[in-house]
Amino acid sequence: MTAGKRFDRVPRHIAIILDGNGRWAKLRGLPRTAGHSAGAETFRTIAHYCKDIGVEHLTVYAFSTENWKRPDNEVKTIMRLLEKYLHEAIDSMERDGIRMRIFGDVSGLAPELQALAAETDEITNRIEGFQANICLNYGGRDEIVRAAKRYAADVAAGKADGDLTEDQFSRYLYSANVPDPDLLIRPGGEQRLSNFLLWQCAYAEFYFTDVLWPDFTPDELDKAIEEFNRRDRRYGGVK
Ligand code: IPE
Ligand code: IPE
Ligand code: MG
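For the sequence shown, this note's numbering gives the first residue as 32, with consecutive numbering after it.
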């Protein structure tokens, strides 16, 4: 693995939309699902690299609330791969020092996946350090509506007053206690959010590349971080 360049600033939180798996496979005359397997390997490599260079959080978009529209057999294969991936990750989380959380509506997933998500949470609660957040059955709008409902329920139960702040609202999101992403990367050539982290990306720096996700390497991540270092983050102010 690449040793990692030295950067002035390493983003504290990197978010990535894992896109281009299907096209990667098609280019090789393989079924789309082969692209998803290759993409899972890329995730493994990039998560370790992020940890090595001092990133604190990596949040990846693996399956959206809209991805259920895909053909049955593709959805099934993706779910099988996620299950296999989580199984393997659970076995190595403690050894690798990688905490993991699932962001998304877990109740919409198969019972096996729900159990793996719970196990992941349990391990994460007792270890420290780098955290990978995997967005599964995740939609940015769904997350905000769900948070609003949970807040309303807390007000009705007398657990919250009606005077809501942005900070308090953030705590009702899947990403509670996670800082906002500094850098959002979308490989695969599309330049859109596709319902990813709508609330959290208010001030993220966006980086788009045509490289398809299975071809994304630590060197590609270095390029994104170099670009991030050239950005002037003003947050609406002046310098
Ligand atoms: C991203 O790759 C993985 C998921 C959305 C599950 P795609 O499957 O969207 O790949 P392309 O965009 O069709 O190439
Ligand atoms: C976004 O990719 C969702 C994930 C990567 C999980 P899509 O391939 O589903 O997005 P669109 O359809 O190009 O917007
Ligand atoms: Mg896509």
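For each residue, glycine too, the CB sits at the ideal point set by N, CA and C. Owing to the predicted nature of the structure, the values given are computational and were not obtained by experimental measurement.
What are the boundary residues of the alpha helix (DSSP H) that residue i is part of?
i	result
Ile-235	In the sequence as presented, Ile is not what sits at residue 235; that position holds Ala. From DSSP, Ala-235 is part of no alpha helix (DSSP H); its letter is neither H nor E.
Ala-71	63-84
Leu-58	52-58
Looking at residue i: is its Cβ nearer than 7 angstroms to the Cβ of residue j?
i	j	result
Asp-213	Arg-43	yes
Asn-168	Leu-140	yes
Ala-149	Tyr-116	no
Lys-107	Asp-253	no
Gly-267	Leu-229	no
Glu-114	Glu-143	yes
Arg-132	Thr-96	no
Ala-56	Ala-46	no
Phe-237	Leu-215	yes
Lys-82	Phe-161	yes
Tyr-80	Pro-249	yes
Thr-73	Pro-245	yes
Ala-191	Asp-185	yes
With a CB to CB cut of under 7 angstroms and the five nearest residues on each side skipped, what residues in its chain are close to residue i?
i	result
Arg-217	Ile-48, Asp-50, Phe-239
Leu-112	His-67, Ser-68, Ala-71
Ala-78	Leu-89, Ile-129, Ala-163
Span of the beta strand (DSSP E) holding residue i?
i	result
Phe-94	88-95
Leu-252	No beta strand (DSSP E) contains Leu-252, which is instead part of the alpha helix (DSSP H) from 249-261.
Ala-46	44-48
Leu-21	Because the chain is modelled from 32 through 270, residue 21 falls outside the range shown and cannot be assessed.
So if DSSP puts residue i in a beta bridge, which residue, or which two residues, is it bridged to?
i	result
Arg-130	Gln-162
Leu-224	BP columns for Leu-224 are empty, so no partner.
Can you find the residues in the same chain that come closer than 6 angstroms, C-beta to C-beta, to residue i, ignoring five residues on each side of it along the sequence?
i	result
Phe-134	Asn-164, Cys-166, Tyr-169, Tyr-205
Asp-241	Gly-220
Arg-177	none
Glu-258	Tyr-238
Apart from the five residues on each side of it in sequence, which residues of its chain come closer than 8 angstroms, Cβ to Cβ, to residue i?
i	result
Asp-39	Asn-260
Ile-158	Met-124, Glu-125, Gly-128, Arg-130
Gly-85	Val-41
Leu-147	Glu-114, Leu-117, His-118, Ile-121
Cys-232	Ala-46, Asp-211, Pro-212, Leu-215, Leu-224
Tyr-234	Asp-211, Arg-264, Tyr-266
Ala-207	Ser-201
Cβ of residue i versus every heavy atom of ligand 5: is any distance shorter than 6 angstroms?
i	result
Asp-50	No copy of ligand 5 occurs in the structure displayed; its ligands are ligand 1, ligand 2 and ligand 3 alone.
Quiz item: Which runs of the alpha helix (DSSP H), 4 residues or longer, sit entirely within the stretch 148-196?
Solution: The qualifying runs are 171-187.
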